[in-house]
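In order, the protein sequence lines correspond to chains R and U. Under the numbering used here, the first sequence has 168 at position 168, and the numbering climbs by one with no breaks. Positions in the second sequence are counted from 1; adding 201 to them yields the numbering used here. We put the beta carbon where it would ideally sit given N, CA and C, even for glycine. Down below is the structure, laid out as structure tokens.
Number of protein chains: 2
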Amino acid sequence: MKKASVNENRYAEIDAFLQRCMPFSEEELDIFHSFLTYQKFKKKSILLQQGEICKHESYIIKGCARTFYTDANGHDITLLFAVEDYWLGDIASFYKKTPSRFNIQLIEDTELLQIDYEAKEALLEQLPKFERVFRIMVQNHLASTQNRLVNNIAFTAAENYAAFLKQFPNIPQRVPQHYIASYLGISPEFLSKIRNDKKAI
Amino acid sequence: MKKASVNENRYAEIDAFLQRCMPFSEEELDIFHSFLTYQKFKKKSILLQQGEICKHESYIIKGCARTFYTDANGHDITLLFAVEDYWLGDIASFYKKTPSRFNIQLIEDTELLQIDYEAKEALLEQLPKFERVFRIMVQNHLASTQNRLVNNIAFTAAENYAAFLKQFPNIPQRVPQHYIASYLGISPEFLSKIRNDKKAI
DNA sequence: GCGATTTCTTAATCTAGGTCAATGCTTTTG
DNA sequence: CAAAAGCATTGACCTAGATTAAGAAATCGC
């Protein structure tokens, strides 16, 4: 018989995320859950501010966020859009307890599962299997960041925009266009021009 | 009494590298060494070619290398300079056995300790502690790649060049200047101009 | 439902950095 | 040791993309 529950199973997605990486028993998953904190935030909340120490890594159950750096002229560069099934945080700040270089801002009302430094270390001690899960996650993240760095230099803004649409077909419906410009590292005006030039063909 | 040896201890540096991450016993280090292969390569050797599958991760005992992407016009973008105490490889290709996006070319005669996929998995199985070592390595690598991506977009070429000199004061004596331009994502001519403008001040 | 704020577009002008080509200087290599 | 290859520099000219400004459209908050 199925357990009745007010809030469905808030761990369903994150468990599936883990299982895609390697098999976990019910017991292991329960232990994992015990280290997580469920949190709801309103649209436009600031999860992390440049200069602060990043206290949590956060898995998105539902919602949308953006990690970005604001330069001296107040222009920002989007490092990452995160939606359902993504993790948020500033790794450098989280692990070294140094001031973060990045801001994290929510673009929609968002539900998160959060883990702080001590909880993560305790989890890793209790279930060393998770070292591997997190290693693989970070490896994938590094590979995609390397690709993005190289693409950003090697290709034109129009090419990078086309590649972005292909890789993230659902992001444009969820975030304002000038954030996409800031992800591509171009001005909003120029992105508008690119879009218009494309239409003309 | 010290063991006499023709080739000193070729593991001295890599062991120190590991110990900076966490403590290891002599036995553990011996097991680790048993998975490594020592290799010498001549200057200009190609360790990995765009399109091939990356078969090894390589620790540099002595020497200098460059990882780069060559675009359709034959221009290249340097992803990484590696010298003593760095690791080389294309993570995405190594783990997923997909064609590599990058070339790795040696800039000096180089001595490496290499590990292939099967050996690395066997090492991780026998000594799961290494999951953590590699996780931490990859995290640091990701953090610096994120910074580089953002800096590349946010700052001017001259600023990025100054930051490069500060971060890697010894690289310019070991690699031709046009490789540094390709790391910064600018033309060699423009780097030459930047250097000249700076002198003028 | 309406004013206020954000967002997007368009157009004129400007600039960081690219391209091309020529010259001299170092390294390699045979 | 000479010829060739690779490297750095300089200058003239070109272009992708930035900046500024202003109006139009969409969305938000009450």
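**Where Q220 of chain U falls, given that 16 or more other Cβ within 10 Å makes a residue buried** = With fewer than 16 Cβ atoms within 10 Å of its Cβ, Q220 of chain U is classed as exposed.
**Request:** Identify every run of the alpha helix (DSSP H) within the stretch 106-150 of chain R, keeping only runs that are complete inside it and at least 4 residues long; order them along the chain.
**Result:** Fully contained in the stretch 106-150 of chain R are the following alpha helix (DSSP H) runs of length 4 or more, in chain order: 117-126.
**Message:** Going by C-alpha to C-alpha distance, which of U:R333, U:Q368 and U:D286 sits closest to Q315 of chain U?
**Reply:** Per the Cα distances, U:D286.
**Cβ pair count under 8 Å reaching 3, the stretch 86-97 of chain R against the stretch 51-70 of chain R** = By the Cβ test, the stretch 86-97 of chain R is in contact with the stretch 51-70 of chain R, since at least three Cβ pairs between them sit closer than 8 Å.
**Message:** At the 8 Å Cβ level, is L350 of chain U part of the contact set with chain R, yes or no?
**Reply:** Yes, because at least one Cβ of chain R sits closer than 8 Å to the Cβ of L350 of chain U.
**Message:** Strictly under 8 Å for the Cβ-Cβ distance: is I278 of chain U near chain R by that measure?
**Reply:** Yes, contact with chain R.
**Request:** Inspect the CB distances between the stretch 242-250 of chain U and the stretch 327-339 of chain U and report whether three or more fall short of 8 Å.
**Result:** Using a Cβ-Cβ distance cut-off of 8 Å, the stretch 242-250 of chain U and the stretch 327-339 of chain U are not in contact, since fewer than three pairs of beta carbons, one from each stretch, lie closer than that value.
**Request:** Kindly list, in the order they appear in chain R, the residues whose Cβ is closer than 8 Å to that of E332 of chain U.
**Result:** In chain order: P128, E131, R132 and R135.
**Request:** Quickly, what does DSSP pair F282 of chain U with across the bridge? List them, please.
**Result:** F282 of chain U is bridged to U:R267.
**Host beta strand (DSSP E) of K241 of chain U (start-end)** = Looking at the DSSP string, the run of the beta strand (DSSP E) that includes K241 of chain U is T238 to F242.
**Request:** Say whether the stretch 358-377 of chain U touches the stretch 168-179 of chain R, bearing in mind that this needs 3 or more beta-carbon pairs closer than 8 Å, one atom from each stretch.
**Result:** Taking a contact to require three or more Cβ pairs closer than 8 Å, the stretch 358-377 of chain U and the stretch 168-179 of chain R do not qualify as touching.
**Asked** Taking Cβ-Cβ distances below 7 Å as the criterion, which residues of the stretch 237-257 of chain U are in contact with chain R?
**Response** Listed in sequence order: no entries.
**Asked** Going by the CB atoms, is the gap between E111 of chain R and K40 of chain R shorter than 8 Å?
**Response** Yes, the Cβ-Cβ distance between K40 of chain R and E111 of chain R is below 8 Å.
**Item:** T346 of chain U burial status per 10 Å Cβ neighbour count (16 or more: buried)
**Value:** Burial call: buried.
**Prompt:** Does the separation of the CB atoms of Y362 of chain U and L343 of chain U fall below 8 Å?
**Reply:** It is not a contact, given that the beta carbons lie outside the stated cut-off.
**Prompt:** Tell me which same chain residues have a C-beta within less than 8 Å of the C-beta of R101 of chain R, skipping the five on either side of it?
**Reply:** Excluding residues within five positions, the ones whose Cβ falls inside 8 Å are Q50, Y69, D90, A92 and S93.
**Request:** Spatial neighbours of T37 of chain R within its chain, please: CB distance less than 6 Å, with the 5 preceding and 5 following residues excluded, ordered by chain position.
**Result:** Cβ neighbours of T37 of chain R beyond the five flanking positions: Q114.
**Asked** Taking just the CA atoms, how far does I186 of chain R sit from N140 of chain R?
**Response** Cα to Cα, the separation comes out at about 26 Å.
**Asked** Mapping DSSP to helix, strand and coil, what is H178 of chain R?
**Response** Note: H178 of chain R maps to helix in three-state DSSP.
**Message:** Going by DSSP, what residue range makes up the beta strand (DSSP E) through I247 of chain U?
**Reply:** For I247 of chain U, the uninterrupted beta strand (DSSP E) segment begins and ends at I247 to L249.
**C-alpha gap between L281 of chain U and T268 of chain U, whole angstroms** = Spanning the two alpha carbons is a distance of roughly 5 Å.
**Asked** DSSP on P169 of chain R, reduced to helix/strand/coil?
**Response** Secondary structure at P169 of chain R: coil, using DSSP grouped into helix, strand and coil.
**Prompt:** When Cβ atoms are compared, which residues of the stretch 369-393 of chain U fall closer than 8 Å to chain R?
**Reply:** In summary, the residues of the stretch 369-393 of chain U whose CB is separated from some CB of chain R by less than 8 Å are G386, in the order they occur in the chain.
**Asked** From U:A355, U:H379, U:A364 and U:Q378, pick the residue whose C-alpha is nearest to that of A72 of chain R; which is it?
**Response** That would be U:A355, whose Cα lies nearest to the Cα of A72 of chain R.
**Message:** Quick check: the Cα distance between P99 of chain R and Y117 of chain R, rounded to an integer number of angstroms?
**Reply:** Rounded to whole angstroms, P99 of chain R to Y117 of chain R spans 15 Å at the Cα level.
**Asked** Within 8 Å (strictly less), CB to CB, does V83 of chain R reach chain U?
**Response** No - not a single Cβ of chain U is within 8 Å of the one on V83 of chain R.
**Prompt:** Which chain R residues sit within Cβ distance under 8 Å of T346 of chain U?
**Reply:** Simply L142, T145, Q146 and L149.
**Item:** chain U within 8 Å of Y59 of chain R, Cβ atoms only
**Value:** No, its Cβ sits nowhere closer than 8 Å to a Cβ of chain U.
**Asked** How big is the Cα-Cα spacing for A16 of chain R and K62 of chain R?
**Response** Distance between the alpha carbons of A16 of chain R and K62 of chain R is about 15 Å.
**Residue from R:D76, R:S58 and R:L149 whose Cα sits closest to the Cα of A82 of chain R** = If we check each option's Cα against that of A82 of chain R, R:S58 comes out closest.
**Message:** Let's test the definition: count the other Cβ atoms within 10 Å of the Cβ of A65 of chain R and tell me whether it reaches 16, buried, or not, exposed.
**Reply:** A65 of chain R counts as buried, since at least 16 other C-beta atoms from the protein chains shown sit within 10 angstroms of its C-beta.
**Message:** Tell me which residues share the same chain as A157 of chain R and place their Cβ nearer than 7 Å to its Cβ, disregarding the 5 neighbours each side in the sequence.
**Reply:** Exclusion of the five residues before and after A157 of chain R leaves L184, I186, F190 and I194 as the residues of its chain whose Cβ lies within less than 7 Å of its Cβ.
**Item:** Q306 of chain U classed as buried or exposed, judged by whether at least 16 other C-beta atoms fall within 10 angstroms
**Value:** With 16 or more other Cβ atoms within 10 Å, it is buried.
**Request:** Identify each residue in the stretch 296-319 of chain U for which the Cβ-Cβ distance to at least one residue of chain R is less than 9 Å, and report them in chain order.
**Result:** Cβ contacts with chain R: Y296, K297, R302 and F303.
**Prompt:** Can E258 of chain U be considered in contact with the ligand FMN, in the sense that its beta carbon sits closer than 7 Å to one or more heavy atoms?
**Reply:** By its list of ligands, the structure shown contains no ligand whatsoever, and the ligand FMN lies outside what it can speak to.
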